[in-house]
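Written out below as structure tokens is the structure these notes cover.
Numbering (our numbering), first residue to last: 133 to 334.
Quick look at the structure:
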């Protein structure tokens, strides 16, 4: 409630100064808040949708009519989008994409987006703990990597967010090909992240 009130004051100040109409405004959050699945709060090892689906509201300069995008996007898309909107050069190693076309009412092709929680993972050690998520269309696959002694346990869940937004029916066994496809995609991303981690330490 305090954040909502502060945002309202900020927008009112912009309007009073005659700047709101020409402003590019972005409102988002770093995490959601869980009141379900036996977990209350916003920090921790879980990645259900109430924690990772955050607000993302963009008002373009001069925009009068709103629209809702039903394609999954990521906060990694914010920097490329804002740079594109102001005519600045793109970041050389940005992982996201510009959403400008979609914000201007043009089609946006669906693309996998990723989320993760790595509370026990040190940047000085190889990536081997945590929960990693890929959302592709309506499908959400979670890969949980947890140590068990010297062996590594890997748990996978797959949910159809359109048919089951509460994530109550795990489809990983019923749809093994799709599960394997998304697992392969996640492992590929983790391998790339590990390469970047090592390069950053050198």
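Using N, Cα and C, we set each Cβ at its ideal position, and we do this for glycine too.
None of these values were measured; they are calculated from a predicted model.
Nearest neighbour of residue i, chosen from the options [CA to CA]
i: residue 162; options: 329, 296, 313, 207; result: 207
i: residue 247; options: 165, 312, 286, 181; result: 181
i: residue 264; options: 270, 155, 309, 251; result: 251
i: residue 242; options: 297, 178, 231; result: 231
i: residue 236; options: 223, 217, 229; result: 217
i: residue 256; options: 173, 326, 165, 170; result: 326
i: residue 328; options: 271, 315, 226; result: 226
i: residue 167; options: 183, 143, 155; result: 183
i: residue 332; options: 258, 147, 199; result: 258
i: residue 198; options: 220, 164, 234; result: 234
i: residue 164; options: 174, 155, 170; result: 174
i: residue 249; options: 210, 179, 200, 270; result: 179
i: residue 260; options: 275, 141, 140; result: 275
i: residue 303; options: 324, 272, 330, 318; result: 272
i: residue 322; options: 210, 253, 200; result: 253
i: residue 200; options: 210, 238, 140; result: 238
i: residue 313; options: 301, 244, 334; result: 244
i: residue 189; options: 334, 295, 150, 139; result: 139
i: residue 269; options: 330, 202, 143; result: 202
C-beta atoms of residue i and residue j nearer than 9 angstroms
i: residue 187; j: residue 160; result: yes
i: residue 191; j: residue 157; result: yes
i: residue 267; j: residue 212; result: no
i: residue 286; j: residue 293; result: no
i: residue 320; j: residue 290; result: no
i: residue 215; j: residue 224; result: no
i: residue 262; j: residue 277; result: yes
i: residue 288; j: residue 315; result: yes
i: residue 153; j: residue 219; result: no
i: residue 185; j: residue 209; result: no
i: residue 146; j: residue 137; result: no
DSSP three-state assignment for residue i, whether helix, strand or coil
i: residue 330; result: helix
i: residue 263; result: strand
i: residue 144; result: helix
i: residue 153; result: coil
i: residue 200; result: coil
i: residue 179; result: coil
i: residue 313; result: helix
i: residue 324; result: helix
i: residue 139; result: helix
i: residue 134; result: helix
i: residue 281; result: Model confidence at residue 281 stands at a pLDDT of 42, short of 50, so the residue's coordinates are unreliable; what they give is reported in the following sentence. It is coil, neither helix nor strand.
i: residue 275; result: strand
i: residue 290; result: strand
i: residue 192; result: coil
i: residue 209; result: helix
### Query
Unbroken alpha helix (DSSP H) runs of length 4 or more, entirely within the segment 211-255: which are they?
232-235
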